[in-house]
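Protein chains in written order, with my numbering: chain X, 1 to 687; chain S, 1 to 263.
Virtual Cβ for every residue (Gly too), placed ideally from N, Cα, C.
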Amino acid sequence: MDDIRKSAARYRGAFFHVIGGLVIFLTWRIAGMPSPGILGRLLPATWLMTALFYGKGRENAASVSGLVGFVLLASIWTTSPMLFTVAAACALGALVPSWLRISGRRMGLPGAVLPLALLATILVPFTGDEPHYARITEELFPLGGERYQRYDSQAGDPEEGVRHHQSIFPALMVPFYPLGIPGLRLFNAAAAVAAAWLLGRVARREKIPGASALAFFSIFLVPGISTFALVYPGWLVLLLFMAGLSAWFARRNTVVVLAVAAAMILIKVRFVGLSFGMLAALILEGEKRSRWKIPAILAVTALAALLFDLVFLGGRIFWVRYGNAAFLKTLVVRPLYRIPELITAAVSTLLDTEAGLLWKAPWVLAAIAGIPRLRKENPALFRWLGIPSISYLAVLLYWTGINWNGMPTPVGRMLLPMVPLLVLSLGKVMENRGTALLLIISLAVSSILVAEPVFRFNFADGTDELLLAAAGPDSGIWELVPSYVRPAMLPFILWGVSAVIVIRLISRNSRYATGAIALSAALLFVEGSAPRTTWEAEDLPEQYRDFCGFHPPRKDPEYRKYWMFTQERMLVMNHGESRVRIPIVDPEDTVVVEITCRIPPGEILGGMILSDGKWSDTLRGCSGLPDPPAWATSIREVRVEAKPENLSPLSFTAAVPPEEDFLTISPYVFADGKVSEVYLDRIKIRR
Amino acid sequence: MRISKLLRVIPGIPVLLFLLHWNGAGMDTFALAFLFFAAACYEGDRVSGVSMAALLVLAVLQPSPSQRVAVVTAAASWNVWASSSLLSRVFSLAALAFCIASGGVTSLEFMTLAALASLPFRERKWRTLALGLGMTATVAILGLPQPVCRSRLYAAERMEDDGTVWRCDSPLTLATPELLLDASPPEYGKLTMWCDAGGTRTDAPVALVISGRDTAYVYPGSNTVEISDPAFPVFLRLADSWKPMNHQVVHFLGAKVIDGRHP
């Protein structure tokens with residue numbers, strides 16, 4: 001009996017996880033929460049899998065808190081649409097301390113992330129580039145197949161029969177094709193685990209504290225978790241990068257580094273910045289005698305590769321995509337004419353509410369605070385991480401322009417190569433004040449993104465899906481968050497300054513760091529409780545609009561990719577029944593309404609009718625057609641067509657007397673019964 | 001009780017004033033304010049503290065008073081369980097009392113009584129026991145706490161060549177038990193609605209389609225509901241409220257009204 005009691009005490013943590021899994025399973029069923037067959041089983045399964053790997057020892061107090069939190073939230077989940085997701089995330093987040101403990105053991109990392117791989121494989125929709133990579137794999141599979149046949153082509157393919165994606169990454173997945181989507185995803189999960197394991201090994205060798213936790217964080221935190229176990233080449237490239245780095249630090253192996261740099265480009269040309277950065281680090285770190293041999297060898301090799309592509313492959317790798325005059329002109333023109341856009345994009349990699357890292361991964365602030373220490377204490381490592389990361393980011397912004405964010409694919413996907421630099425820098429400030437709070441917030445967000453993967457997908461329309469679910473469309477929070485597609489100076493400055501302050505406080509280990517983070521978050525959310533007074537028209541929820549359409553009709557940013565003057569979607573009123581109702585916060589006072597819209601020119605001036613109870617006003621006008629932007633004409637001859645996105649915006653202001661709770665906007669109806677087309681952009685209500 | 005602990009509530013006062021300004025002096029606002037005070041006086045482990053702050057943020061962001069009351073209830077119960085500060089727990093209890101007074105959420109009585117009973121215990125295990133019993137009693141006797149004003153989904157309507165179509169991507173669950181087709185099309189004939197339903201353990205209807213005086217039923221499985229002369233707004237509503245082991249769900253696949261002018 002004593003033996004049983006002793007072993008029960010020894011394996012108390014494992015038992016706790018088994019009990020926890022049962023509690024979650026039963027609570028889910030009793031509470032009648034949605035998705036009982038999938039999430040309601042997968043979450044208890046993750047607890048049981050964690051119990052398997054937990055080993056000896058007590059449970060973590062935070063896991064107990066998480067379990068209690070889940071039960072509490074499950075008991076009130078019907079009261080708010082978001083609570084179900086928060087409850088599920090709570091059950092998942094409660095396992096993080098256990099996973100950290102497991103990953104701390106020798107070869108513990110695979111056991112720690114196995115439950116995550118299971119969740120990602122089953123829960124994340126198979127969308128974006130995933131089916132297209134799968135289709136190429138299918139074509140390369142010796143026995144062929146037709147599962148993904150309808151993904152033969154994709155927007156962005158350079159020409160018919162030549163795919164946008166390169167074939168090496170899909171070729172590596174051929175052995176896993178017979179296992180279907182789980183097989184392809186498990187291959188990528190294995191690549192991620194291997195990359196994270198190498199990252200932990202580098203951290204250990206460089207004596208960076210918390211190496212195993214850092215390895216786990218590289219997978220679990222955004223941007224790592226965004227594409228973990230998904231069919232994207234990012235983690236495979238990161239594995240190669242870490243392998244090259246390890247080879248250099250272990251044996252100063254130049255050949256492996258050169259091979260890795262070449263392989264990364266062959267997998268995806270987008271990673272050319274990472275390759276260049278590695279080579280630059282190699283030149284800086286290499287022996288002085290042979291330092292200049294490397295660029296010479298590289299130049300010859302690159303030239304040979306380009307010639308090989310041109311002569312033998314018909315330019316399928318490089319020339320068909322980038323070997324045209326328009327592309328080269330784009331590269332030249334971009335820095336000359338579009339510097340403000342490039343700067344906005346650079347800042348947005350951190351601040352943009354949809355794709356910036358600050359909102360999904362605030363831990364990067366602590367990581368940035370740790371970079372100077374990494375540079376000072378591990379200069380060689382910093383060169384090997386910093387130069388490739390910066391080079392990758394620069395090429396990404398310069399090359400891809402407005403597509404730097406990779407939307408609508410999972411948030412942070414394009415910033416994955418920054419992970420080694422950021423995670424190892426995080427290790428330098430792990431004990432500093434403020435870091436823990438940022439980490440806890442980031443872990444909570446990651447838990448939500450794992451439990452409800454649809455929140456990973458944004459559409460470059462200025463609305464973050466997670467924030468929308470948490471705050472709703474009526475919240476004043478939308479006026480305060482920076483957006484790349486709706487650039488407004490105030491939010492960018494506000495959050496830019498806040499970020500700089502937090503980074504500075506953490507790097508100095510200031511006692512005010514935690515307070516500053518808490519204050520920034522509190523101010524945002526308290527202001528977020530205020531009602532919205534500026535409406536981007538496309539954000540208006542269904543109950544505020546009748547018979548209105550969108551331009552373009554679909555959310556995918558692909559349809560706005562070539563717009564020259566704006567990237568925002570518009571709300572279209574073009575029917576006699578079209579109506580928009582804007583809530584007026586304080587109907588006791590006269591309010592001023594500012595409407596920004598586009599009205600196509602016609603024989604008679606178009607317009608709209610504003611009404612508020614007994615009062616109404618007609619606003620009429622038409623948009624002009626602006627000259628094409630200088631950057632566009634310098635690339636090729638451009639004729640600006642009279643499409644809505646090309647029309648210059650019109651601004652109307654009207655004073656609305658106090659009447660009703662809602663202001664109604666409807667399109668103007670001409671004498672012949674036709675209806676004016678109005679493309680609404682923004683409606684601002686002020687006193 | 002030390003004065004310094006009481007002084008911690010001072011940062012909550014401007015927050016309270018701000019909330020009162022924006023949201024009016026409803027009971028939910030007072031509940032939220034007391035939750036702020038409870039958070040300000042919180043003592044305990046860091047993870048629980050951050051979780052409390054996260055619940056607070058979620059409560060602030062809730063769009064309607066009843067939803068806010070629900071999250072405040074969860075956060076206050078959480079704090080009664082997690083905080084080792086008596087003052088913090090007292091503030092939480094006050095928040096719970098305001099939640100009940102607001103009437104925004106049903107079935108909170110046992111939970112509040114349990115929170116009251118657990119108040120004096122210094123050791124967390126006794127508080128766990130009391131709250132666990134309270135929650136079990138709540139669910140067993142009164143059912144799952146429910147908001148008085150339910151969240152509602154709205155289908156987006158679009159005019160097509162031969163009529164009007166509606167779409168809504170979100171499913172109906174107990175958290176959003178009603179879908180509304182609110183805009184009345186200009187000319188209309190028969191309304192056809194397609195939906196998949198399930199999650200129940202009987203063959204009884206999962207949801208109802210209500211159009212004026214007409215009612216049609218949505219059964220487990222795939223459904224095509226037709227209403228010949230619809231009166232708008234049309235409601236699609238879950239038939240039953242919460243029952244243990246039932247996970248009612250309706251996926252609205254679309255609806256269409258063929259224009260009456262077309263044959």
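Practice task
Identify whether Asp229(S) lies in helix, strand or coil by the three-state DSSP scheme.
Solution key: coil
Exercise for the section: Can you tell me which of Val234(S), Ala38(S), Gly132(S) and His251(S) puts its alpha carbon nearest to the alpha carbon of Tyr219(S)? Expected result: His251(S)
Practice task
Tell me whether Arg101(X) is buried or exposed, calling it buried when 16 or more other Cβ atoms sit within 10 Å of its Cβ.
Solution key: buried
Exercise for the section: In the DSSP assignment, find the alpha helix (DSSP H) that holds Ser90(X) and state where it starts and stops. Expected result: The identity of residue 90(X) in the sequence shown is Cys, whereas the question assumes Ser. Run containing Cys90(X): Leu83 to Gly93, per the alpha helix (DSSP H) assignment.
Exercise for the section: Please name the residue, chosen from Arg12(X), Ala630(X) and His132(X), that lies closest to Lys329(X) on a Cα-to-Cα basis. Expected result: Ala630(X)
Practice task
Provide the residue span of the beta strand (DSSP E) that contains Arg686(X), from first to last.
Solution key: Val678 to Arg686
Exercise for the section: Find the residues of chain S that neighbour His690(X), judging by a C-beta separation of less than 7 Å, and give them in chain order. Expected result: This structure cannot speak to residue 690(X), because chain X is shown only from 1 to 687.
Handout entry: Secondary structure, alpha helix (DSSP H): runs of 4+ residues fully inside the stretch 503-565 of chain X
Key = 513-528
Problem - Contact the stretch 599-610 of chain X vs the stretch 172-188 of chain S: 3+ CB pairs below 8 Å - result: no
Exercise for the section: Taking Arg127(S) as part of the alpha helix (DSSP H), name the residues at either end of that continuous run. Expected result: Arg124 to Ala137
Handout entry: Host alpha helix (DSSP H) of Ile258(S) (start-end)
Key = Premise fails: Ile258(S) lies in the beta strand (DSSP E), Val249 to Ile258, not in any alpha helix (DSSP H).
Practice task
Tell me the start and end of each unbroken beta strand (DSSP E) in the stretch 248-311 of chain X that is at least 3 residues and wholly inside, in chain order.
Solution key: none
Exercise for the section: Closer than 7 Å by C-beta to Ala326(X): which residues in its own chain qualify, once you throw out the five before and the five after it? Chain order, please. Expected result: Ile635 and Arg636
Practice task
Express the C-alpha separation of Phe547(X) and Ala74(S) in angstroms, rounding to a whole number.
Solution key: 39 Å
Handout entry: Backbone secondary structure at Asn60(X) - three-state DSSP
Key = coil
Practice task
Taking only the alpha-carbon atoms, compute the straight-line gap between Met52(S) and Arg46(S) and give it to the nearest angstrom.
Solution key: 10 Å
Problem - CA-to-CA distance, Pro36(X) to Tyr148(X), given in whole angstroms - result: 29 Å
Problem - Interface positions of the stretch 547-571 of chain X facing chain S (Cβ-Cβ less than 7 Å), listed along the chain - result: Phe547 and Gly549
Exercise for the section: Just the chain X side, please: which residues come within less than 9 Å of Thr215(S) by C-beta, in chain order? Expected result: Under the 9 Å cutoff, chain X gives no residues; its nearest Cβ is about 23 Å from Thr215(S).
Problem - Sequence-distant residues of the same chain with beta carbon closer than 6 Å to Gly182(X), five excluded per side - result: A quick correction: the sequence has Pro, not Gly, at residue 182(X). The answer, listed in chain order, is Thr121.
Exercise for the section: Kindly say whether Gly13(X), judged by its beta-carbon, lies nearer than 9 Å to any beta-carbon of chain S. Expected result: no
Exercise for the section: Note the first and the last residue of the continuous beta strand (DSSP E) segment covering Glu594(X). Expected result: Val591 to Arg598
Handout entry: Secondary structure of Leu33(X), DSSP reduced to three states
Key = It is Met, not Leu, that sits at residue 33(X) in the sequence shown. Residue state, collapsed to three classes: coil.
Handout entry: chain S residues whose Cβ lies nearer than 9 Å to that of Ile440(X)
Key = Arg46, Val47, Val50, Ser51 and Ala54
Problem - Rounded distance between the beta-carbons of Leu519(X) and Trp363(X), thought under 8 Å - result: With a Cβ gap of about 18 Å, Trp363(X) and Leu519(X) do not count as contacting.
Problem - alpha helix (DSSP H) runs wholly inside the stretch 142-175 of chain X, at least 4 long, in chain order - result: 168-172
Problem - DSSP beta-bridge partners of Val222(X) - result: Per DSSP, none; premise fails for Val222(X).
Practice task
Buried or exposed for Lys6(X), please, with buried defined as at least 16 other CB atoms from any protein chain shown within 10 angstroms of its CB.
Solution key: exposed
Practice task
Determine, using beta carbons only, whether Arg456(X) comes closer than 9 Å to chain S.
Solution key: no
Exercise for the section: State yes or no: is the C-beta of Ala88(X) within less than 9 Å of the C-beta of Thr27(X)? Expected result: no
Practice task
Compare the beta carbon distance of Ser391(X) and Leu274(X) with 9 Å and say whether it is the shorter of the two.
Solution key: yes
Exercise for the section: Select from Leu67(X), Ala91(X), Leu72(X) and Arg10(X) the residue whose C-alpha is nearest the C-alpha of Leu39(X). Expected result: Ala91(X)
Handout entry: Simplified DSSP state of Trp242(S), which is helix, strand or coil
Key = coil
Practice task
Check whether the Cβ atoms of Ile609(X) and Glu677(X) lie closer than 9 Å to each other.
Solution key: no
Handout entry: Complete beta strand (DSSP E) runs within the stretch 436-506 of chain X (minimum length 3 residues, chain order)
Key = none
Handout entry: Residues, ordered as in the chain, of the stretch 157-183 of chain X that lie near chain S by beta-carbon distance below 7 Å
Key = none
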